[in-house]
Structures are given as C-alpha cells and as structure tokens.
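Here the structure is laid out as structure tokens; the discussion comes afterwards.
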Amino acid sequence: ARRKLKLPPNDLIVTIVGRLDPIKDHLTFLEAANIVNRQLPSVKFLIVGSTLGDFSGRKNDYWAQIKNYLGASHSLAKNVAFSGFIEAMAPVYQASDILVSTSHSESFGMSLLEAASCQIPIVSTKTSSQHLIIKNGKTGFLVGPERPNITAQKILTLLKTPKMRRQFGRQARVHIKKNFNLENFVLKVQSVYLETRM
2 ARRKLKLPPN
12 DLIVTIVGRL
22 DPIKDHLTFL
32 EAANIVNRQL
42 PSVKFLIVGS
52 TLGDFSGRKN
62 DYWAQIKNYL
72 GASHSLAKNV
82 AFSGFIEAMA
92 PVYQASDILV
102 STSHSESFGM
112 SLLEAASCQI
122 PIVSTKTSSQ
132 HLIIKNGKTG
142 FLVGPERPNI
152 TAQKILTLLK
162 TPKMRRQFGR
172 QARVHIKKNF
182 NLENFVLKVQ
192 SVYLETRM
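Residue 182 in this note's numbering sits at position 181 of the sequence shown, with consecutive numbering throughout.
Right, here's the structure in full:
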C-alpha cells in the first residue's frame, strides 16, 4: 500500500481525508502537524482529497493558503504528501497509522467509519456525529475545532504509544462491526419506511 502511494515503508504516517475545502480545515491539521514535526521529525503526513471541492466561493484561495503555509514551514513541507482524489481507499487506510479529521462539520464522516473499520485510531473534532463513530479515549480522541495544540498532543500520544494505537484500532473495529453493520442499517431504513407509510 505504501509503495503504491509512494510513501516510505517504515515511517509513521498520519493521514487526513477530505476535499480541500475550508470546512475540512486542513490548516489546523497542518498546524498540528508542525507541532508534531518538531518533536518527531520522521513522521510523514498524507493529505488525501481533491482540490475541486472548495465550496467557499473563493476559487483557489484555500489551496493557496495551504501552499503558503507549507512554503513558510520548510521542515514540515518535506514531510507532507498530497495524493489527490483516490477512489479505492483501502490502500490509504492500510498505509496509515493514525487518521485525523479537523472538519468544522461532518454530516456523518464516512472516512472515519472506514478508517475505524480498518483498525486505525482516530483524532477528530467533535462537532456533530463524530462521537457516534469515535469513543473518546477508547477508539480515538475527540477535540474541539480549531485546536491545533490539543490535536497535536493527541496525535503525539498515539504516535509515542504503539500499544495504545493497536488497542484503540482493535476496539474501533469491534465498535464499527457491532454498531454499523449492513444488516442493522437495512433494518433501520426499513423501520423508517414503515413509519412513514402509517
């Protein structure tokens, strides 16, 4: 998976998944990454997402902000990789050690669900539905939005504690299999349809 994504085979990889749109707040991710980079300079950061998704109405302004931030942070920039849009996401999760979400809002957070099912611990903002997927302190960590220092602290905790990473990952998969399996969702959708018919 790492060969396919042109990532180093042995370094720790911290990944963010989401279109390059201000609502995903990649700048907070990069600020947290910068803090992590000062303590653990070998960690790599992978940004997965299309540049076509900026719905802010500012065209390429957000992408320019990201490039400007990295341009002013040379030591971080050499450890950040952009993959662009990826349709088949399995290799991304296989290559990642931690998934991070710094979104201001998520309707559900499919990348969080997918990563958790692949036994990846998650550090995410707690803004809407994330708490349904992530059990704080058990499968990952939930932090407030625009908190790069706290986000970095949680990432560092997981990076420096391999046993915790593995434990959180295992518990994440158990939680997803128990609460988000297809059969349960079919039954829930069916019950909604039946209620609306009455």
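Note that the Cβ used here is the ideal one computed from N, Cα and C, for glycine as well. This structure is a prediction, so every number in the text was calculated from the model and none was measured.
Residue i to residue j span [Cα, whole Å]
i	j	result
N80	I177	31 Å
T140	M90	20 Å
R4	V93	11 Å
S38	V187	Position check: residue 38 holds Asn in this sequence, whereas Ser was assumed. Between N38 and V187, the C-alpha separation is close to 44 Å.
D26	E184	34 Å
F169	V144	16 Å
A116	P122	8 Å
Residue i - partner residues in DSSP beta bridges
i	result
T16	L47, L100
V81	F46
V124	V101, F142
Beta-carbon contacts of residue i that lie in its chain and below 7 Å, excluding the five residues immediately before and after
i	result
F109	S130
E207	Any question about residue 207 goes unanswered here, given that the chain covers just 2 to 199.
I24	S104, H105, S106
I36	P149, N150, A153
I14	L8, K45, L47, A96, S97, D98
DSSP-derived helix/strand/coil call for residue i
i	result
G141	strand
S112	helix
A117	helix
A173	helix
A33	helix
P149	helix
Other residues of its chain near residue i: CB distance less than 6 Å, five sequence neighbours each side excluded
i	result
D12	S43, K45
Q95	A2
Residue environment, residue i, which counts as buried when at least 16 other CB atoms sit within 10 Å
i	result
V190	exposed
L114	buried
F142	buried
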